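This report concerns only the one structure given below.
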Ligand SMILES: [Zn+2]
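Residue numbers (our numbering): 4 to 448.
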C-alpha cells in the first residue's frame, strides 16, 4: 500500500497536470479566436514606412488585449505582422509529443506469519483486547511504500467464540488480521497446511473477517463452489493474477461437499487450467505455492518439478512458503527458452516463536515490474533477509527487522540467547543468509 505522503505527492502532480491542461487549453482557445477573426490586411504605399513604429505600438496593445481595440489600417497591418511572428514563436515553443508513460509496479512479499501462543500473548492489552502492530514495526515503511504487498498468513483467523490456539492446531485472533491490514498488506495468502486446523468454521470465520476490507485480496480460499481459484489485483494500470495453493492440510480432510474451500496443489490439469485463464485475464501471473520440506535449505524434487511445470505454463513469478527457513532464489527457463520465470523457493518465517536461528531468519522478496514492448516484465528483483527479534520485556515480545537494520546489541538481547549466549549473533545470521542465498545475498547488499 502507498504511504499517505506519496498519495499527497500524486495528488499535487495531478493538480499540477490539471492546471497545465487548463493553461494549454486557454492558449489553444486564443489561437482558435485568432483564426476565427482573421485580420483584413490592406496595405497603402504611404503607410508602409510607418509600419515599424506602429508595430511597436501594437505590441504594447496586444500585450494588454482589452486595450487593443483601435482600428486603423496601419495598426491592422502591424497587428497581423505581430500575430504572424507570434505564431512562429508559438511553433518553436510547441513541446514535442512525449511517449505515453510506461506502466510500472513494485511488489514485496514475506513468508509465514506463524502465530504461536507466545505471540498471541504478546498482543494482549490490559483491557483484554489484542493489538499486534508491534510485529510489523521494523518493516512497516517498506510495506507501505510498495504498490502490492503480499504475506503468507499461515494460521487461520478465529472469532473469539471459536477460541484462540497455538501449535499444533492454530487459531489466531482477528486482531492479527487487523495488524496485517494496518501494516499495509494488500494480498493475504491463506492456503497453508494449517488452513483446516479449526475446521470449516475457522475458514468461514477467516472469510467473514476479510469481507470488512474491500481493498484486500484473499487468495487460496473459496467461499462458494462457483468462485474462481484465481484472484486479481490491479495497480498502476497493471493487473496481477495470484494463484495460491497448499500441498496439503496436515492430514485433515475437508468435509464432503466442501472440498473446494482450499486450493490444493495436487491436480496438474486443474492448475494448468487456472494458469491458462490467469494469463488470459491479467498482465502478470504469480503462483504462491505452500510447499517443500520444513527446515530444509534446498528445494525438494517436488518443488523443482512444480517449478518446471509452472515455467512451461508461462508463469512469471513464484513466491514459495512453508519450509520455515529461507531457500534459494533463481531464474528458470522453459525448455523452448521462450519463458523465463523468477522463483523464490521459500521466504522462510515472517514471525514465529520457533527455537532455532534458521527459523528466525526469513526474507522479503522485492520485485519491480515494468512495461517493455507492451509486456509486463521483471525489471529488478532482490531478497532482503529478515530477522524475528524476540526478547523478554515484561512479557515476551516480537518484532521483525531487516537484517540490514539489526545490531549486535539487539542480537545479544535475543530471547534464544537466554540459555546459550551465541545462539544468535549478527555474523551467524549474515553467514547463514549468504550460504542459502549465494549470489542473491550480494544483490540484497
Ligand atoms: Zn506451512
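Glycine included, every Cβ here is placed at the ideal spot set by N, Cα and C.
All values derive from a computational prediction rather than experimental measurement.
Inset, instruction - Express the C-alpha separation of residue 342 and residue 121 in angstroms, rounding to a whole number. - result: As a working note, residue 121 is residue 118 in the chain shown. As a working note, residue 342 is residue 339 in the chain shown. Computed Cα separation, rounded: 44 Å.
Inset, instruction - Excluding the 5 residues preceding and the 5 following residue 212 in the sequence, name in chain order all residues of the same chain whose CB lies nearer than 6 Å to its CB. - result: To locate residue 212, count along the chain shown from 1; it is residue 209. Around residue 212: 160, 177 and 180.
Inset, instruction - Taking only heavy atoms of ligand 1 into account, decide whether any of them is closer than 8 Å to the Cβ of residue 230. - result: Counting from one through the chain shown, the residue named residue 230 turns up at place 227. The answer is no for residue 230.
Legend entry - Backbone CA spacing between residue 382 and residue 315 [nearest angstrom]: Residue numbering aside, residue 382 sits at position 379 when the chain shown is read from its first letter. Residue numbering aside, residue 315 sits at position 312 when the chain shown is read from its first letter. Going from the Cα of residue 382 to the Cα of residue 315 covers about 21 Å.
Legend entry - Between the CA atoms of residue 410 and residue 444 - distance to the nearest angstrom: The sequence position of residue 444 within the chain shown is 441, counting from 1. The sequence position of residue 410 within the chain shown is 407, counting from 1. Those two C-alpha atoms are separated by around 18 Å.
Inset, instruction - Using the Cα positions of residue 109 and residue 297, report the straight-line distance between them to the nearest angstrom. - result: Within the chain shown, numbered from 1, the residue matching residue 109 stands at position 106. Within the chain shown, numbered from 1, the residue matching residue 297 stands at position 294. Roughly 29 Å separates the two Cα atoms.
Inset, instruction - Please classify residue 145: does DSSP put it in a helix, a strand, or coil? - result: Residue numbering aside, residue 145 sits at position 142 when the chain shown is read from its first letter. Looking at residue 145 - three-state DSSP - the assignment turns out to be helix.
Legend entry - Three-pair Cβ contact test at 8 Å for the region 218-230 versus the region 258-274: yes
Legend entry - Run of the beta strand (DSSP E) containing residue 234, from where it starts to where it stops: If you number the chain shown from 1, residue 234 lands on position 231. Run containing residue 234: 233-238, per the beta strand (DSSP E) assignment.
Legend entry - residue 157: CB within 8 Å of a non-hydrogen atom of ligand 1: As a working mapping, residue 157 is identified with position 154 in the chain shown. At least one heavy atom of ligand 1 is nearer than 8 Å to the Cβ of residue 157, so yes.
Inset, instruction - Assign residue 432 to buried or exposed, taking buried as 16 or more other Cβ atoms, counted over all protein chains shown, within 10 Å of its Cβ. - result: Here the question's residue 432 lines up with position 429 in the chain shown. So residue 432 counts as buried.
Legend entry - Any non-hydrogen atom of ligand 1 closer than 8 Å to residue 426 Cβ: Counting from one through the chain shown, the residue named residue 426 turns up at place 423. No, Cβ of residue 426 sits at least 8 Å from all heavy atoms of ligand 1.
Legend entry - Member of 270, 154, 195 and 201 whose CA lies at the smallest distance from the CA of residue 189: For the purposes of this step, residue 189 is taken as residue 186 along the chain shown, with counting starting at 1. Ranking the options by Cα distance to residue 189, first place goes to 154.
Legend entry - Bridge-paired residues (DSSP) for residue 460: With the chain represented from 4 up to 448, any question about residue 460 goes unanswered, as that position is not in the structure.
Inset, instruction - Using three-state DSSP, classify residue 209 as helix, strand or coil. - result: For the purposes of this step, residue 209 is taken as the residue at position 206 of the chain shown. Helix at residue 209.
Inset, instruction - Taking only beta-carbon positions, decide if residue 418 is within less than 9 Å of chain B. - result: The structure shown contains no chain B; it holds only a single protein chain.
Inset, instruction - Go ahead and pull the three-state DSSP assignment for residue 268. - result: The count along the chain shown starts at 1 and reaches residue 268 at position 265. Three-state result, residue 268: coil.
Legend entry - residue 112 - DSSP class collapsed to helix/strand/coil: Counting from 1 along the chain shown, the entry for residue 112 is found at position 109. In the structure shown, residue 112 sits in a strand (DSSP, three-state: E or B).
Legend entry - Beta-ladder partner(s) of residue 365, from DSSP: Here residue 365 is taken as the residue at index 362 of the chain shown, counted from 1. Bridge partners of residue 365: 389.
Inset, instruction - Pull up the distance between the alpha-carbon of residue 378 and that of residue 273, whole angstroms please. - result: Here residue 378 refers to the residue found at position 375 of the chain shown. Here residue 273 refers to the residue found at position 270 of the chain shown. Take the alpha-carbon of residue 378 and the one of residue 273: they are about 26 Å apart.
Legend entry - Reduced DSSP category for residue 408 - H, G, I as helix; E, B as strand; rest coil: As a position in the chain shown, residue 408 is number 405, starting the count at 1. Helix.
Inset, instruction - Flag residue 393 as yes when its Cβ comes closer than 8 Å to any non-hydrogen atom of ligand 1, and as no otherwise. - result: Within the chain shown, the letter at position 390 stands for residue 393. No, since every heavy atom of ligand 1 falls outside the 8 Å radius drawn around the Cβ of residue 393.
Inset, instruction - Return the residue from the list 289, 271 and 203 that minimises the CA-CA distance to residue 260. - result: Counting from one through the chain shown, the residue named residue 260 turns up at place 257. Distances from the alpha-carbon of residue 260 to those of 289, 271 and 203 put 203 closest.
Inset, instruction - Return the CA-CA distance between residue 305 and residue 292, expressed in angstroms with no decimal places. - result: Working through the chain shown from its first residue, we reach residue 305 at position 302. Working through the chain shown from its first residue, we reach residue 292 at position 289. Computed Cα separation, rounded: 11 Å.
Inset, instruction - With distances taken Cα to Cα, identify the nearest neighbour of residue 309 among 237, 408, 186 and 250. - result: What you label residue 309 is simply residue 306 of the chain shown in a count that begins at 1. When only C-alpha atoms are compared, the closest one is 250.
Inset, instruction - Please list, in chain order, all residues with a C-beta atom less than 5 Å from at least one heavy atom of ligand 1. - result: 195, 196 and 325
Inset, instruction - State the start and end residues of the unbroken beta strand (DSSP E) segment that holds residue 288. - result: Looking up residue 288 in the chain shown gives position 285. Per DSSP, residue 288 belongs to the beta strand (DSSP E) from 287-293.
Inset, instruction - For residue 196, collect the residues of the same chain with a Cβ closer than 8 Å to its Cβ; drop the 5 residues on either side in sequence, then sort them by chain order. - result: Taking the first residue of the chain shown as 1, we reach residue 196 at position 193. Here the set comprises 249, 250, 251, 252, 253, 293 and 325.
Inset, instruction - Report the three-state DSSP secondary structure of residue 373 (helix, strand or coil). - result: Start at 1 with the first residue of the chain shown, and residue 373 comes out as number 370. Looking at residue 373 - three-state DSSP - the assignment turns out to be strand.
Legend entry - Between the CA atoms of residue 404 and residue 114 - distance to the nearest angstrom: Reading the chain shown from its first residue, position 111 is the one you call residue 114. Reading the chain shown from its first residue, position 401 is the one you call residue 404. One C-alpha to the other measures close to 13 Å.
Legend entry - From 238, 322, 429 and 425, residue whose alpha carbon lies closest to that of residue 351: As a working mapping, residue 351 is identified with position 348 in the chain shown. Among 238, 322, 429 and 425, the Cα nearest to that of residue 351 belongs to 322.
Inset, instruction - Starting from residue 353, trace the alpha helix (DSSP H) both ways and give me its first and last residue. - result: Numbered from 1 along the chain shown, position 350 holds the residue referred to as residue 353. No alpha helix (DSSP H) holds residue 353; the beta strand (DSSP E) holding it covers 352-354.
Inset, instruction - For residue 300, name the three-state secondary structure that DSSP assigns. - result: Counted from its first residue, the chain shown places residue 300 at position 297. DSSP, read as helix, strand or coil, puts residue 300 in coil.
Inset, instruction - May I ask you to report which of helix, strand or coil DSSP gives residue 310? - result: Along the chain shown, read from residue 1 onward, the residue named residue 310 stands at position 307. Per DSSP, reduced to three states, the secondary structure at residue 310 is helical.
Inset, instruction - Answer yes or no: do residue 192 and residue 152 have a C-beta to C-beta separation smaller than 9 Å? - result: Taking the chain shown and counting its residues from 1, the one referred to as residue 192 is at position 189. Taking the chain shown and counting its residues from 1, the one referred to as residue 152 is at position 149. Not a contact, by the Cβ cut-off of 9 Å.
Legend entry - Cβ neighbours of residue 40 in the same chain (closer than 7 Å, five flanking residues each side left out): To locate residue 40, count along the chain shown from 1; it is residue 37. In this prediction, residue 40 scores a pLDDT of 37, lower than 50, which makes its location untrustworthy; the coordinate-derived value is nonetheless stated afterwards. Excluding sequence neighbours, residue 40 sits near nothing in its chain.
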